[in-house]
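J.: One structure, pasted below without further comment.
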Amino acid sequence: MNETLTRFERTAPTGSDLPVLITPASAGQLLTDAAFGLRHRIDEALMLAGGVLLRDFGVPTIESFQQFAASFGHPLLKYEFASTPRSAVSATGVYTSTEYPAHQHIPLHNEQAYTREWPMKIWFHCVTASPVGGETPIADSRAIHRRMPQRIRSLFEPGILYVRNYGEFDVPWQKVFNTDSRAEVEAFCRRAGIRWEWKPDGDLRTQQLCQAVETHPATGEKLWFNQAHLFHVSNLQAEVRESLEELLGIENLPRNVFFADGTRIDDAIFDEVRAVLAAETVSFRWQEGDVLMLDNMLVAHARAPFQGPRKVVVAMAEPHGNLGNF
Ligand SMILES: [Fe+2]
């Protein structure tokens with residue numbers, strides 16, 4: 023579709039346009055200077071393909087990345103109700119990408135699809151490209167939904183119940199909710215449609231019924247939109263899973279997911295889900311200075327394991343959700 027697609031190497035399923043590559047008209051053009059003129063092209067590519075890669079533009083500082091992301095007209099979001107550790111790298115909405123150990127693979131996911139309000143836009147900026155690995159693979163959530171076996175789609179359509187136990191085996195609740203106040207946690211949960219429970223040891227358990235399949239508000243297309251495969255206990259390494267199950271009991275696992283009616287989901291279902299995700303994955307090498315902009319509903323992202331230094335920062339904007347109608 024786009025002749026510039028041939029200018030960079032990527033692995034992708036047949037027919038994929040992801041990500042649409044946009045390069046400067048003149049060498050060294052600053053991304054912040056180009057932003058206004060690119061706006062129409064970016065919006066169009068986001069709507070059709072779901073993601074654009076802005077390459078070879080000048081992005082001299084994290085502040086200029088932040089300025090570019092903010093130029094789309096929505097304030098950058100704070101990372102609330104987090105599921106993973108990350109750090110703020112600026113006062114206004116730029117974060118490190120998830121701080122998981124380098125050797126770990128972070129599976130494909132739409133940001134905050136494990137809750138009922140999520141950002142519509144997400145930007146990644148490669149400050150330091152890892153010499154080995156460290157890609158941010160992406161995948162079209164519409165294509166994932168189409169490829170998912172009908173049997174699994176039907177099982178997931180009523181929604182997915184996410185259960186989290188915060189504490190020493192996962193991010194502590196104080197960090198997840200950015201507060202030490204139980205009352206503030208409860209107010210957040212009430213607003214977000216989350217059921218909560220304080221356990222006798224002072225730790226917190228939450229349960230939230232969320233969408234597994236969602237409709238895009240602008241394109242009207244159905245999307246696979248959940249993080250069930252990340253939260254399900256089958257996401258743990260076998261020996262970690264075994265010891266946590268033994269030590270804590272199923273109900274106290276740091277994270278797990280169930281069908282909407284609370285019944286357990288077999289590992290075999292997630293084998294199929296993961297195979298579909300793998301089949302739709304697009305991967306390319308980061309180049310320093312790159313900015314990847316995604317419609318967070320249309321396109322999921324992941325992180326490949328890496329060696330050596332790597333710095334990819336993230337910004338998000340435009341909250342959207344289904345709090346009122348799910
Ligand atoms: Fe993410």
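One rule links them: number in my numbering = place in the sequence shown (from 1) + 22. Glycine is no exception: its CB is placed at the ideal position from the N, C-alpha and C atoms.
1. Could you spell out where the alpha helix (DSSP H) holding residue 197 opens and where it closes?
2. Determine, using beta-carbon pairs with one atom in the stretch 170-186 and one in the stretch 277-288, whether at least three such pairs fall under 8 Å.
3. Identify whether residue 187 lies in helix, strand or coil by the three-state DSSP scheme.
4. What number of angstroms, rounded off, separates the C-alpha of residue 58 from the C-alpha of residue 152?
5. If you draw a straight line from the alpha carbon of residue 82 to that of residue 246, how long is it in whole angstroms?
6. Return yes when the Cβ of residue 302 is within less than 8 Å of the Cβ of residue 161, no when it is not.
7. Between residue 321 and residue 119, how many whole angstroms is the CB-CB distance? I'm expecting something under 8 Å.
8. Taking buried to mean at least 16 other C-beta atoms within 10 Å of its own C-beta, is residue 176 buried or exposed?
9. Figure out for me which residue from 244, 159, 213 and 212 has the closest Cα to the Cα of residue 35.
10. Near residue 156, which residues of its chain fall below 7 Å by C-beta distance, leaving aside the five closest residues on each side in sequence?
11. With 16 as the cutoff for other CB atoms within 10 Å, does residue 25 come out buried or exposed?
12. The alpha helix (DSSP H) with residue 262 in it runs from where to where?
13. In its own chain, which residues sit with a C-beta less than 6 Å from the C-beta of residue 249, not counting the 5 before and 5 after it?
14. Contact between the stretch 40-51 and the stretch 67-81 is defined here as three or more beta-carbon pairs at a separation below 8 Å; is this criterion met?
15. Is residue 131 near ligand 1, with its Cβ less than 7 Å from a heavy atom?
16. Could you tell me whether the stretch 187-204 touches the stretch 225-238, where touching means 3 or more Cβ pairs closer than 8 Å?
17. One question on the structure: do residue 334 and residue 154 come within less than 8 Å of each other, judged by their Cβ atoms?
18. For residue 67, which three-state DSSP category applies?
19. With DSSP as the reference, label residue 181 as helix, strand or coil.
20. What's the C-alpha gap between residue 210 and residue 78?
21. Roughly how many angstroms lie between the CA atoms of residue 48 and residue 56, to the nearest whole one?
22. Which runs of the alpha helix (DSSP H) fall wholly inside the stretch 275-324 and span at least 4 residues, in chain order?
23. Helix, strand or coil: how does DSSP classify residue 76 here?
24. Assuming residue 76 and residue 313 form a contact by the criterion Cβ under 8 Å, report the distance between their Cβ atoms to the nearest whole angstrom.
25. Since I believe residue 80 is in contact with residue 53 (beta carbons under 8 Å), could you give me their beta-carbon distance rounded to a whole number of angstroms?
26. Which of the three DSSP states is assigned to residue 237 in this structure?
27. Can you tell me whether residue 294 is buried or exposed, with buried defined as 16 or more other CB within 10 angstroms of its CB?
28. Looking at the structure shown, is residue 228 part of a helix, part of a strand, or coil, going by DSSP?
T.: Let me spell this out:
1. 195-198
2. yes
3. Shown here, residue 187 sits in a strand according to DSSP, grouped into three states.
4. 30 Å
5. 36 Å
6. yes
7. In fact, because the Cβ distance is near 16 Å, the residues do not count as touching under 8 Å.
8. exposed
9. Per the C-alpha coordinates, the member of 244, 159, 213 and 212 positioned closest to residue 35 is 159.
10. Counting only Cβ-Cβ distances below 7 Å, and skipping sequence neighbours, we find 308, 326, 328 and 332.
11. Residue confidence for residue 25 is low, a pLDDT of 41 falling below 50, so the modelled location carries little weight; the figure read from the coordinates is stated next. Label assigned to residue 25: exposed.
12. Counting along the chain, the unbroken alpha helix (DSSP H) around residue 262 starts and ends at 260-270.
13. Same-chain partners within the cutoff: 131, 135 and 136.
14. Three or more pairs of CB atoms, one per stretch, sit closer than 8 Å, so the stretch 40-51 contacts the stretch 67-81.
15. Flag set: Cβ of residue 131 near ligand 1.
16. yes
17. For residue 334 and residue 154, no; Cβs fall outside 8 Å.
18. Note: residue 67 maps to helix in three-state DSSP.
19. Under the three-state reduction of DSSP, residue 181 is assigned to coil, being neither helix nor strand.
20. 41 Å
21. Distance from the CA of residue 48 to the CA of residue 56, rounded to the nearest whole angstrom, comes to 10 Å.
22. Every alpha helix (DSSP H) stretch that sits fully inside the stretch 275-324 and reaches 4 residues is listed by chain position as 289-301.
23. strand
24. 4 Å
25. 6 Å
26. DSSP, read as helix, strand or coil, puts residue 237 in strand.
27. exposed
28. strand
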